[in-house]
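This report concerns only the one structure given below.
In my numbering, the protein residues as written are 752 to 937.
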């Protein structure tokens, strides 16, 4: 590759597209290619769902406008792609806050319905079967910070504490070890 050659990158899944490039001009070229392709094949972009986000040392600097099919794209602090929340930062980063909130909500629904079973192990197994896979979705390929990993772990800790009605850290750790209930990224 010659010096000064632009590198373009895109993620595509069904009708969801993410375009990544090193500069605003490179993104403009990519958007232009997409617009020409869409026009040629009679396709339309959903401009209400299309946004732009900056990542890099200057991620907080206001950028010039970027348009798609004549509509200006909004620059956002975070965006969701295939269920993963990406945030504007100096490096590619993800947030697990929305995942934790949904995990708690799903767990609370399970917990309220499983009380009749009067079995902590049944409730914990339901959590492991329904909540953990959702919570850990794509974590093996995402750049999670130490803070994010601790947040996911705290979520599991809170569930174990509630299910077994314990608060002591050593008890919670032993239960998690015995029940193989952890959040390690595989």
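Beta carbons are placed, not taken as given, at the ideal position from N, Cα and C, and that holds for glycine. Bear in mind that the values here come from a model prediction, so they are computed numbers and not experimental data.
Residue interval of the beta strand (DSSP E) (run including residue 844) | Residue 844 -> beta strand (DSSP E) spans 844-846.
Could you tell me how far apart the beta carbons of residue 838 and residue 828 are, in whole angstroms, since I believe they sit closer than 8 Å?
-> Their Cβ separation, rounded to whole angstroms, is 7 Å, which keeps residue 838 and residue 828 in contact under 8 Å.
Could you pull the start and end residues of the beta strand (DSSP E) that residue 887 belongs to?
-> Segment: none, residue 887 is in no beta strand (DSSP E) and carries neither H nor E.
Can you give me the start and stop residues for the beta strand (DSSP E) that residue 831 sits inside?
-> For residue 831, the enclosing beta strand (DSSP E) begins and ends at 829-832.
Any idea if residue 923 is buried or exposed, counting beta-carbon neighbours within 10 angstroms, 16 or more meaning buried?
-> Residue 923 comes out buried.
From residue 891 to residue 903, what does the alpha carbon distance come to, in whole angstroms?
-> If you take the alpha carbons of residue 891 and residue 903, they lie about 13 Å apart.
Contact between the segment 813-828 and the segment 785-803: three or more CB pairs below 8 Å?
-> A contact is defined here as three or more CB-CB pairs under 8 Å, and the segment 813-828 meets this definition with respect to the segment 785-803.
Do you know offhand how far residue 925's Cα is from residue 910's?
-> Residue 925 and residue 910 have their C-alpha atoms some 14 Å from each other.
Is residue 851 closer than 7 Å to residue 814 when the C-beta atoms are compared?
-> Using a Cβ distance threshold of 7 Å, residue 814 and residue 851 do not count as a contacting pair.
Looking only at its own chain, which residues have a Cβ that is under 6 Å from the Cβ of residue 936, when we skip the five neighbours before and after it?
-> Here the model assigns residue 936 a pLDDT of 49, short of 50, so the residue's position is not dependable and the matter cannot be decided.
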